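For the sequence shown, the working numbering assigns the number 10 to the initial residue and increments by one for each residue that follows.
Cβ coordinates follow ideal geometry from the N, Cα and C atoms, glycine included.
Predicted model only: the values in this text are computed from it and were never measured.
First up is the structure itself, then whatever we jot down about it.
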Amino acid sequence: MKKRILSGMRPTGKLHLGHLAGTLDNWVKLQDEYECFFMVADWHALMSEYEVPSVLVESGLDNVIDWLSFGIDPKKATIFVQSEVSTHLDLYMILSCITPLGWLERCPTYKEQLREIKSRDLHTYGFLGYPVLQAADILIYKAQKVPVGEDQLPHLELTREIARRFNSLYKKEVFPDPEAILTKTSRLLGLDGRKMSKSYDNAINLSDSEEVIKKKIQTMFTDPKRVKLSDVGHPDTCNVYSYYLIYQPQAKEDVHDWCSKAKVGCTDCKRRLALGLWDKLAPFKAKRKELEQDKNQIKKILAEGREKALEATSKTMHEVKQAMGI
Ligand code: TRP
Ligand code: SF4
């Protein structure tokens, strides 16, 4: 029997190249080897975006279009929206009752986000319980593996502690210990050289058109020492060059040569990068177009996903209640 995986993405905006290199490519690989459940974590998004919840609806469907166009196959993986599978909240409620407040208050991601995120007020009851809902997501599938980035490891640790607490309180091994499959962090930086992120407005989105990609790439920061065409450049410190290494590694010697010997200018160098990147993305765009024009197809996939998710989770809920004697 295949081992089971559960993972999710919060629908807080459009997906970008960082999501592709970090998460999505990884999910696509995993769907052959594991029984995968991939979820639009809209309740989790609501915990931080509650002031403008419309973003959840807009991004949810759009993100799923990206998942499907970049290779998530609904015949292999179960794709669903968290808020449509109400059993997640049932288990979340039960786990809330057994999770000590101190575990949540001490969670490093909680403390960090309260300190760093100033654009929203996260001093809410819901936000404190964020990891409890994540634990419910994972445990309700009895997932053995959870692909996540390093930033999510504290949540996985909490999930294991909550699972053990449940099993020991009710003297039954209902939940297995889930393990992380660590997603390597993408080396790709944003257009301005900072981490690629929607909030910095420095990302190339998976849904961007050829024109937009060309324009965005022309705004990329380059080697500041190369001002005139005749100045030699230092590709190893140029962000444009690092994009070449990822998306057009076959051109790396050429770029190194033309940059360090001042043979080709930055504008031209970027134009060629944009062409190469577009070549990589173009094949996936056809699928995106098809799906955009047939939203019913996506709705059908999500409805089927919901059914499969409900079936799997209802079984666990039954066991949970039996163990508790309620
Ligand atoms: N918290 C995760 C993130 O921000 C999203 C998420 C919600 C998740 N539930 C999950 C990830 C369950 C893995 C498993 O990326
Ligand atoms: Fe960067 Fe290319 Fe300009 Fe060199 S030529 S500094 S690699 S953009």
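Where do the N-terminal and C-terminal ends of the beta strand (DSSP E) with S195 fall, by residue? Neither: S195 is in no beta strand (DSSP E) and is coded neither H nor E.
Would you mind reading off the limits of the alpha helix (DSSP H) that contains D321? Note on identity: in this sequence residue 321 is Ala, with Asp being the wrong assignment. The continuous alpha helix (DSSP H) containing A321 extends over residues K304 to M333.
Length of the line joining the Cα atoms of L198 and P117: L198 and P117: Cα-Cα distance of roughly 25 Å.
In whole angstroms, give me the CA-to-CA distance for Q306 and M333. Per the coordinates, the alpha-carbon of Q306 lies some 40 Å from the alpha-carbon of M333.
Assign L44 to buried or exposed, taking buried as 16 or more other Cβ atoms, counted over all protein chains shown, within 10 Å of its Cβ. Just to set this straight, residue 44 is Glu in the shown sequence, not Leu. E44 is buried by the Cβ-count criterion.
Does the count of Cβ pairs from the segment 134–154 and the segment 184–194 closer than 8 Å reach three? Touching, yes.
Residues in the same chain with beta-carbon distance under 7 Å from K181, minus the five sequence neighbours each way, listed in chain order, please. Closer than 7 Å at the Cβ level, and outside the excluded window around K181, lie A332.
Under 8 Å, do A353 and Y101 count as touching if we go by C-beta distance? Missing from the structure shown is residue 353; the chain here goes from 10 to 335 and no further.
From the DSSP output, in three-state form, read off H164 for me. Looking at H164 - three-state DSSP - the assignment turns out to be helix.
When DSSP builds the beta bridges, which residues end up paired with S16? Looking at the DSSP output, S16 bridges to F47.
Can you determine whether any heavy atom of the ligand NAD sits closer than 7 Å to the C-beta of T228, and answer yes or no? For the structure depicted, the ligand NAD is absent and the ligand set comprises only the ligand TRP and the ligand SF4.
What would DSSP say about L87, mapped onto helix, strand or coil? In the sequence as displayed, the identity of residue 87 is Thr instead of Leu. DSSP places T87 in the strand class (E or B) of the three-state scheme.
On the DSSP bridge assignment, give the partners of E188 in chain order. For E188, which the question treats as bridged, DSSP gives the partners K154.
Report whether the distance from the Cβ of P244 to the nearest heavy atom of the ligand SF4 is below 7 Å. At a cut-off of 7 Å, the beta-carbon of P244 counts as near the ligand SF4: some heavy atom of the ligand is closer than that.
I'd like to confirm the pairing. Which residues does DSSP put opposite N214 in its beta bridges? Looking at the DSSP assignment, N214 forms a beta bridge with H25.
Looking at the ligand SF4, does it come within less than 7 Å of Y252, judged from the CB to the closest heavy atom? Checking every heavy atom of the ligand SF4 against the Cβ of Y252, none is found closer than 7 Å.
K298 CB to nearest heavy atom of the ligand SF4 below 7 Å: Within 7 Å of the C-beta of K298 there is not a single heavy atom belonging to the ligand SF4.
For the candidate residues W52, L77, S78 and K193, whose alpha-carbon lies nearest to that of V66? The residue with the shortest Cα to Cα distance from V66 is W52.
In angstroms with no decimal places, state the Cα-to-Cα distance between R203 and S16. If I take the Cα positions, the gap works out to 26 Å.
Tell me which same chain residues have a C-beta within less than 6 Å of the C-beta of K223, skipping the five on either side of it? The residues are A283.
Beta-carbon proximity check, L77 vs K296, cutoff 8 Å: Between L77 and K296, the gap from beta carbon to beta carbon is short of 8 Å.
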